[in-house]
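Structure first, commentary second.
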Amino acid sequence: DTGVSQNPRHKITKRGQNVTFRCDPISEHNRLYWYRQTLGQGPEFLTYFQNEAQLEKSRLLSDRFSAERPKGSFSTLEIQRTEQGDSAMYLCASSEGTAGQPQHFGDGTRLSIL
Amino acid sequence: TQLLEQSPQFLSIQEGENLTVYCNSSSVFSSLQWYRQEPGEGPVLLVTVVTGGEVKKLKRLTFQFGDARKDSSLHITAAQPGDTGLYLCAGDGNSNYQLIWGAGTKLIIKP
Chain A
175 DTGVSQNPRH KITKRGQNVT FRCDPISEHN RLYWYRQTLG QGPEFLTYFQ
225 NEAQLEKSRL LSDRFSAERP KGSFSTLEIQ RTEQGDSAMY LCASSEGTAG
275 QPQHFGDGTR LSIL
Chain B
2 TQLLEQSPQF LSIQEGENLT VYCNSSSVFS SLQWYRQEPG EGPVLLVTVV
52 TGGEVKKLKR LTFQFGDARK DSSLHITAAQ PGDTGLYLCA GDGNSNYQLI
102 WGAGTKLIIK P
């Protein structure tokens, strides 16, 4: 059983650099979500794809953040000109295509900004 | 705006004790999910409750959905160190895609 896979698991970079994370969802899932999570808190919604279409973006997602899912399979999340406040765990989840379906999470990418 | 409040935020107890954590809202949810998250990993689904008043058991864990589908509880009997983790509830609300997440209860079970 292949679950949701995220790469890299850890990323350390200097402030001002660009970073890109990848998420490979469960293959039959057409919904894909990105979340940000800080220590001891619940996930904060960032954006959501139904197949290749990005249907919603949170106000948390500034113009430095961009996400793509070009063929409706894997997705990338890019952060440009990283800031200290971007340090967090970035989680990807996928689910089946109907509302309220359980979300299956990857183990996240931990981003640390020096 | 739909919100889910979890309590307590933090709980540290000895192995063998019982505990209950709560997930409350003023809004109605069509379903509610409980997840457990361990450090360095993503949340893992434990259970989904759908019907008001529903009770589901998963070994020593008992989940209940309130009659009005506005709240839920998780009761752990004879807690074990392996139960340590962040317990998150998430509700399926008015949006057709987005779950509403609580902030979590951090649970530590001491041997």
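Sequences listed follow chains A and B, in order.
Numbering-wise (my numbering), the first sequence opens with residue 175 and increments by one.
Numbering-wise (my numbering), the second sequence opens with residue 2 and increments by one.
Backbone N, C-alpha and C fix where the C-beta goes; we use that ideal spot for every residue, glycine too.
Residue i versus the options, residue with shortest Cα-Cα distance
i: residue 13 of chain B; options: B:77, B:31, B:44; result: B:77
i: residue 279 of chain A; options: B:107, B:39, B:80, B:82; result: B:39
i: residue 35 of chain B; options: B:93, B:111, B:112; result: B:93
i: residue 56 of chain B; options: B:111, B:70, B:15, B:45; result: B:70
i: residue 254 of chain A; options: A:177, A:226, A:222, A:238; result: A:238
i: residue 258 of chain A; options: A:192, A:179, A:177, A:265; result: A:192
i: residue 207 of chain A; options: A:256, A:260, A:246, A:288; result: A:246
i: residue 241 of chain A; options: A:235, A:251, A:232, A:233; result: A:251
i: residue 6 of chain B; options: B:22, B:16, B:79; result: B:22
i: residue 248 of chain A; options: A:196, A:235, A:234; result: A:196
Short CB-CB distance (under 9 Å) between residue i and chain B
i: residue 244 of chain A; result: no
i: residue 203 of chain A; result: no
i: residue 198 of chain A; result: no
Residue-chain proximity (residue i, chain A), Cβ-Cβ < 9 Å
i: residue 67 of chain B; result: no
i: residue 99 of chain B; result: yes
i: residue 62 of chain B; result: no
Local conformation of residue i per DSSP, three classes
i: residue 180 of chain A; result: strand
i: residue 260 of chain A; result: helix
i: residue 236 of chain A; result: coil
i: residue 231 of chain A; result: strand
i: residue 32 of chain B; result: strand
Please specify which runs of the beta strand (DSSP E), each continuous and at least 3 residues long, are wholly inside the region 36-98 of chain B, giving them in chain order. 45-50, 56-59, 62-66, 72-77, 86-93
Determine, using beta-carbon pairs with one atom in the region 179-186 of chain A and one in the region 279-288 of chain A, whether at least three such pairs fall under 8 Å. Touching, yes, given that three or more Cβ pairs across the two stretches are closer than 8 Å.
Assess contact between the region 60-74 of chain B and the region 16-29 of chain B, defined as three or more Cβ pairs (one per stretch) separated by less than 8 Å. Is contact present? The region 60-74 of chain B vs the region 16-29 of chain B: in contact.
Would you check if there are 3 or more beta carbon pairs closer than 8 Å linking the region 220-235 of chain A to the region 40-59 of chain B? no
Could you tell me which uninterrupted beta strand (DSSP E) segments, each at least 3 residues in length, are contained entirely in the region 190-224 of chain A, listed from first to last along the chain? 193-198, 205-211, 218-224
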